[in-house]
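Numbering (our numbering), first residue to last: 397 to 1253.
Ideal Cβ placement from N, Cα and C applies to all residues, glycine included.
The block underneath contains the structure these notes are about, expressed in structure tokens.
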């Protein structure tokens, strides 16, 4: 629109000036925009975090170089991609929901997982801020890879778990504070000292010493701590309840990355029992060494094996002069043979003798001697040594190892005895727990050792034991232990087992070493071994129980035929125990006549005719009431008790059939037959004996039901057993047909008269087309092979109607009748009438395709 006024020259000049200014402003804005854009590009290029911008739909708008490299893509590959292409944690729907939340929240920080181009998933921390440009909602995202932090956190948790579960006490103190206060103690520290972490933290470890501050080790400890050096020591400490314990500990300094001391870590062990034991041994050794009484020790044959210095001082004989000699050379001649006979009779009968005796020194001098003789025996009462004390007691420190050998080793083989075994086993278990290792315990009993003793004599038997001990020791590592418990029993502790293959190889080497022949001139003796093995921590019990389990496994090896090893199985052992208890209780129920037969009628669905009954066992349990077969028969499966129960069922069925016959009620009885009974030798003889006990007409009315799977075990044997029984008029039925894998050839060959359709198919045939087809196929197969088909598990009128339509007119089930007592059968028969729908259904034969399953339902 124009006002018709011509612009003046001044006005034109002003307009030109305005235009120039506007142009300059635009140029300045563009320069500023370019500068900011360039700065943004530089930030995107050099930023260490993965910077990227996505729109409200999650599509990538722009990104930094570090974002591209963190995902392994080039900028071109990522351009235009959706956030779901790299986010590995959330699905599309979840991402849409979260993008909306992030846009509304403003600033948000969360953890998620991204997926690298190579498929690797890694943890990230993402900071998101929503903003808008030209009315477009955008999200600025900064992603930081926190995988290393996550790993560090996991490692910290792992280390904390190790500290909390360590069997050693651990205490950490602050070395930057003058008094070194405790900042952490683990549960083992609390158990050992009795002080809780609340009691201990903030205090110096001196509180464990109480007033016992004069121990010489404390000076060295203080010097080491002030110097920031590691130190080991054993101190008397005191628990919270005041009880003293020996603390063997080591303290290690901890420095920061700059080498500055920050903490001390102390690892403590309660070694009270070991310290007391060591002190006791030292005490006995000192007493033995400095005693004024002379001591000499003999072997079971009375030959001197050791003397003490006091013996030399008293008798004048040096040690070397008497080793291997009988102490009789000390006799003075003042005592007659009767005296010594009574002396040794007392020693052997009472275990010791004490009295005065005249002895003779080396120089011929006769002197009175106060003598005590004691017997040293092992656990089974075998004499190991005689210890004689006269006037002095001497402990030969130089022979301390030999004395310990007497106490801790088997005299014959030199192997550790039970006492040392217990110590070694305890140490192996402690190491296995501390270092999370496996160890194995093997209990060995020699097979055929008694015949060797009987044939070659006990001396040769001892040689065999020594040889076996040496061979087993040669196959083991220095860290393993082989011990003799006595007789021909040995135990091996394998201190570390890498894997099952290594353990099996080691056991096989041991078995082969034991089985090597032993030669005595031209005579050869051989033994083998039955070995029981248990592995810790698979069998996580204490040492005593572990030894018992290995012993039990050894007997399993003997049951398997000897000359083999058997592994103890915790689950199998528990289940075996439960099965044994269950079998015992079931056998007791059989002896106490707690079982009873119930009878379920089988009928002709079309006519209502009663075809017979199936005998079903029940247990009238005195505490649990009436139990069904599934509650107790599995406990006796494949056992002799199962066969006894089967015999009882058949005998009871025969008796009941005879009783009904006397009442004028002619009913056939079918009985379920277990596999073990059918395959048992003489099964047909048992049936024959039952027939001889009852009227002849009972035999044709007995039907034995065999599971399809049982019938297929051994077709020739099953066929022979069935044919033998059929000669007596007994018939057979295949029970639960359709659940196994019987071929048509087997069905043709087996001498069975009846096929029972498994109730699982009957139950679901009205709702499951496949089950309906299976029922029809079984009915047709029975018809083809000229056998009767009986349906089990008829629970509704409609099921019976469908069966009649399909051509099956024989059935049983809860809709027809529940299992009942024998005295109820006659009354039930007199009142039973089939539904009219079953009678009418017989007028129309249908196939499964004609039957609408959904319409029935």
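| Query | Result |
| --- | --- |
| Counting only the same chain and skipping the five closest in sequence on each side, list residues whose C-beta sits under 7 angstroms from that of residue 952. | 928, 962 |
| Using 10 angstroms around the beta-carbon of residue 837, count the other beta-carbons present and answer buried if the total reaches 16, otherwise exposed. | buried |
| What does the alpha-carbon distance come out to for the pair residue 840 and residue 902? | 14 angstroms |
| Tell me, please, which residues DSSP counts as bridged to residue 646. | 628, 663 |
| Please determine, among 1220, 1218, 1189, the residue with the shortest C-alpha to C-alpha distance to residue 1212. | 1189 |
| Does the contact criterion of 3 or more C-beta pairs under 8 angstroms hold for the region 539 to 550 versus the region 560 to 570? | no |
| What three-state label does DSSP hand residue 601 in the structure shown? | helix |
| Count the other CB atoms, across all protein chains shown, that sit within 10 Å of the CB of residue 594; report buried if there are 16 or more and exposed otherwise. | exposed |
| Considering Cα atoms alone, identify which of 747, 754, 721 is closest to residue 729. | 754 |
| Would residue 1067 count as contacting chain B if we go by Cβ distances under 8 angstroms? | Absent from the structure: chain B. Only one protein chain is present. |
| What number of angstroms, rounded off, separates the C-alpha of residue 1100 from the C-alpha of residue 1148? | 9 angstroms |
| According to DSSP, which residues form a beta bridge with residue 510? | 483, 518 |
| One question on the structure: do residue 456 and residue 477 come within less than 8 angstroms of each other, judged by their Cβ atoms? | yes |
| When the Cα atoms are used, what is the spatial distance from residue 1115 to residue 1143? | 11 angstroms |
| From residue 700 to residue 743, what does the alpha carbon distance come to, in whole angstroms? | 17 angstroms |
| According to DSSP, simplified to helix, strand and coil, what is residue 716? | helix |
| Could you check the C-alpha separation between residue 1171 and residue 1184 for me, to the nearest Å? | 13 angstroms |
| Output the distance between the C-alpha atoms of residue 725 and residue 801, rounded to the nearest integer angstrom. | 27 angstroms |
| From residue 467 to residue 482, what distance separates their C-alpha atoms? | 8 angstroms |
| Leaving out five residues before and five after residue 1262 in sequence, what residues of the same chain have Cβ atoms less than 8 angstroms from its Cβ? | There is no way to answer for residue 1262, as the model of the chain reaches only from 397 to 1253. |
| Mind the definition here: the region 567 to 584 touches the region 607 to 617 only if three or more C-beta pairs lie below 8 angstroms; say whether that holds. | no |
| Would DSSP call residue 870 helix, strand or coil? | helix |
| In the structure shown, what three-state DSSP assignment does residue 1121 receive? | helix |
| Cutting at 8 angstroms between CB atoms, please list the residues of its own chain near residue 1022, excluding the five before and the five after it. | 1014, 1015, 1016 |
| Residue 862 and residue 817: beta carbons closer than 8 angstroms? | no |
| Whole angstroms are fine: how far does the CA of residue 584 sit from the CA of residue 564? | 6 angstroms |
| For residue 662, which residues of its own chain have a beta-carbon under 6 angstroms away from its beta-carbon, when the five flanking residues on both sides are left out? | 567, 645, 647 |
| Is it the case that the CB of residue 1075 approaches a heavy atom of the ligand GDP more closely than 7 angstroms? | The model on display carries no ligand, and the ligand GDP is accordingly not part of it. |
| Here's the rule I'm using: 16 or more other beta-carbon atoms within 10 Å means buried, otherwise exposed. How should residue 794 be labelled? | Its pLDDT being 38, under 50, residue 794 is placed unreliably in this model, and the value from its coordinates should be taken loosely. With fewer than 16 Cβ atoms within 10 Å of its Cβ, residue 794 is classed as exposed. |
| Figure out for me which residue from 643, 656, 1081 has the closest Cα to the Cα of residue 623. | 656 |
| Taking 8 angstroms as the limit between beta carbons, can you name the residues of its chain near residue 907, skipping five residues before and five after? | 924, 925, 927, 959, 960, 961 |
| Express the C-alpha separation of residue 694 and residue 765 in angstroms, rounding to a whole number. | 18 angstroms |
| Report the rounded CA-to-CA distance for residue 1177 versus residue 975, giving the unit in angstroms. | 40 angstroms |
| Which residue from 827, 825, 678, 812 puts its Cα closest to that of residue 881? | 812 |
| Determine the DSSP secondary structure at residue 701, reduced to helix, strand or coil. | strand |
| Where do the N-terminal and C-terminal ends of the beta strand (DSSP E) with residue 1084 fall, by residue? | No beta strand (DSSP E) holds residue 1084; the alpha helix (DSSP H) holding it covers 1079 to 1089. |
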